[in-house]
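Residue numbers (the numbering used here): 1181 to 1810. Where is the CB? At the ideal position from N, CA and C, for every residue including glycine. To start, the structure itself, in structure tokens.
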């Protein structure tokens, strides 16, 4: 697809690609699971949520906790939500955000903010764009997942902020529809990746310290390393002999118990193309959605690394689509790509430590009709580190099958499975083709699995499923065709260690909020705090004149009700989450405000109709200094 076909609409480019299912496995879809369990008569009696409540896993199973009571309370949220009427009255044509009257916000590190001394700032001048050198030393574009690593682990006034830069289209970054040189491509590549920067609170205002020695950018051209079963194999080698470099389309995120950042490579296929018209895509490339020009960035025209048809770089595409670990405290340490966690369009990762010290890592593959995954470490993470081995280098990968009775199975993706041993020659080959392996074992195709987050009980997991525009058959639990609203699922593994069974239930179906004051659709970014609040950022066209929003649930309520905390500007997306240890300062990201069009908004600059809007982080605090979300 050509970039110009979308008139510079960043979100549309990616959504269009996600609208195209790459899964042709024929596995039983989630909609069929639900249809088998709930009759249409049940739905007609009431809401979908009521209809499903009777057959899914019991709430006492899903709500059980270790050391925390999850009894219903409903006292965690006391702020005044942003009403639909208040938003439409205050948003000034959706050019500025609107926040609860109990809160205030501050823009932080917009695209183009220098991260080092003597680097010019890009302020949104429509007549200029950063050079590649400038962009390599500035905050990138497409702010998405992030985490704040508090100084000394305890400070509420500063720390290293790691932030993803998912994407930025050519019209936005370059001011043109297509690159005209390798320098243009380098500018675009430098706008992607991640930033690790020190931010601090100075007299109530948060800003970046450009003099902190740890500040760095990780871009498409930063040297990286690999570990796990695929490291050192032929699947990552190119005839041209180029060293592995870069990370791209960094969407959701996670963080480890030992203080490092995990960034997730999602739609990496969109940055590749091919110049040879006779080139034919192989099985994996078809399953992962590669085509001749990807998202229209044109990198493959000037940078041979991204030309699928160039035999010297035949395996370059295998170097992307991983979970990547970054040490925010050591700028000299290369990012590490963990191949044991599988190769697919990683949206996010949430890590739960079990009583044995093993880690359960939950991940979604963000495409319509793709899957939910879990990785279990081989040993306690402390034992692994004591051996000088990354805990994420060794373990077992699973994919989810959802059953109609409210149970589920974690299906092992290893050579221990005869079906997979008959198809692949090694665990490395299996992991390179994770989607195909999941097809073979019979995983359940889902409606765009995106973020995951661990509930306050440290046992349950929330999964956001944004939508599925390709659904053609309505059923009792998903009565929309297509499924335009999305939903959130809650799962709970049975047992410690390598438990292969889980229970599941709906947390909420967004369609059930239609016609209410708290209406929201397209759940995406997710974060559960330690008290029982669940924060959801949306990505999609919101009803009733709203823009994308941050909404909050009290998960201790018998029937959780969304409360709207923040609403963004025209054509943006609310992404990411970070907070101080005392939870009194939270940060979210506003991605592609106005889709880069100054006619829609100039945020975070004052409204002038000319300045290009810029992705930025939003710092949120209660006016009374209380916990964010309360």
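Counting C-beta pairs with one atom in each stretch, the stretch 1774 to 1783 and the stretch 1744 to 1753 have three or more that are closer than 8 Å, which means they touch.
For residue 1295, the CB contacts under 8 Å within the same chain, skipping 5 residues up- and downstream, are 1317, 1318, 1319, 1375, 1377, 1388, 1390, 1395, 1396, 1397 in chain order. Residue environment analysis places residue 1509 among the exposed positions, since fewer than 16 neighbouring C-beta atoms fall within 10 angstroms of its C-beta. Out of 1528, 1637, 1599, the CA that lies nearest to the CA of residue 1535 is found in 1637. Per DSSP, reduced to three states, the secondary structure at residue 1571 is helical.
The Cβ neighbour count for residue 1567, taken over all protein chains shown within 10 Å, is under 16; the residue is labelled exposed.
Residue 1801 and residue 1329 have their C-alpha atoms some 18 Å from each other. Secondary structure note for residue 1265: it is in no beta strand (DSSP E), and the uninterrupted alpha helix (DSSP H) holding it is 1264 to 1270. Under the 8 Å Cβ criterion, the stretch 1521 to 1536 counts as touching the stretch 1445 to 1456, having at least three qualifying pairs. Around residue 1467, the same chain offers 1202, 1615, 1616 as residues with beta carbons nearer than 7 Å, after the five sequence neighbours per side are excluded. In the structure shown, the three-state DSSP call for residue 1519 is helix. A residue is called buried when at least 16 other Cβ atoms come within 10 angstroms of its Cβ; residue 1487 meets this threshold and is buried. Per the C-alpha coordinates, the member of 1368, 1280, 1312, 1268 positioned closest to residue 1259 is 1280. Distance from the CA atom of residue 1371 to the CA atom of residue 1721, rounded to whole angstroms, is 26 Å.
A direct Cα-to-Cα measurement between residue 1402 and residue 1423 gives close to 10 Å. Between the alpha carbons of residue 1808 and residue 1384 lies a distance of about 16 Å.
By DSSP's assignment, residue 1716 forms a beta bridge with 1706, 1731. Taking the Cβ atoms as the reference, residue 1494 lies roughly 7 Å from residue 1419, within the contact range of under 8 Å. With respect to the C-alpha of residue 1644, the residue from 1303, 1542, 1513 having the closest C-alpha is 1542.
Residue 1284 sits in a strand when the DSSP states are folded into three classes.
DSSP places residue 1611 in the uninterrupted alpha helix (DSSP H) bounded by 1607 to 1612. Taken through DSSP and simplified to helix, strand or coil, residue 1692 comes out as helix.
Residue 1415 and residue 1351 have their C-alpha atoms spaced approximately 34 Å apart. Here DSSP, grouped into helix, strand and coil, assigns residue 1493 to helix. Rounded to whole angstroms, the gap between the alpha carbons of residue 1278 and residue 1325 is 21 Å. Sixteen is the threshold: since fewer than 16 other Cβ atoms of the shown chains lie within 10 Å of the Cβ of residue 1300, the residue is exposed.
Apart from sequence neighbours up to five positions away, the residues of its chain that approach residue 1559 with a beta-carbon distance below 8 Å are 1537, 1538, 1571, 1574, ordered along the chain.
Burial is judged here by how many other beta carbons sit within 10 angstroms of a residue's own beta carbon; residue 1649 has at least 16 and is buried. The criterion of a C-beta distance shorter than 7 Å is not satisfied by residue 1681 and residue 1640. Nearest neighbour of residue 1342 by Cα position, chosen from 1798, 1440, 1711, turns out to be 1440.
In the DSSP assignment, residue 1313 falls within the alpha helix (DSSP H) that extends over 1312 to 1316. Across the set 1520, 1511, 1337, 1673, the C-alpha of 1673 shows the shortest separation from the C-alpha of residue 1586.
Beta-bridge partners of residue 1375 (DSSP): 1343, 1397. Runs of the alpha helix (DSSP H) lying entirely within the stretch 1725 to 1804, each at least 4 residues long, are absent.
1591 is the residue among 1591, 1595, 1647 whose C-alpha sits nearest the C-alpha of residue 1623. CA-CA distance, residue 1339 to residue 1381, rounds to 9 Å.
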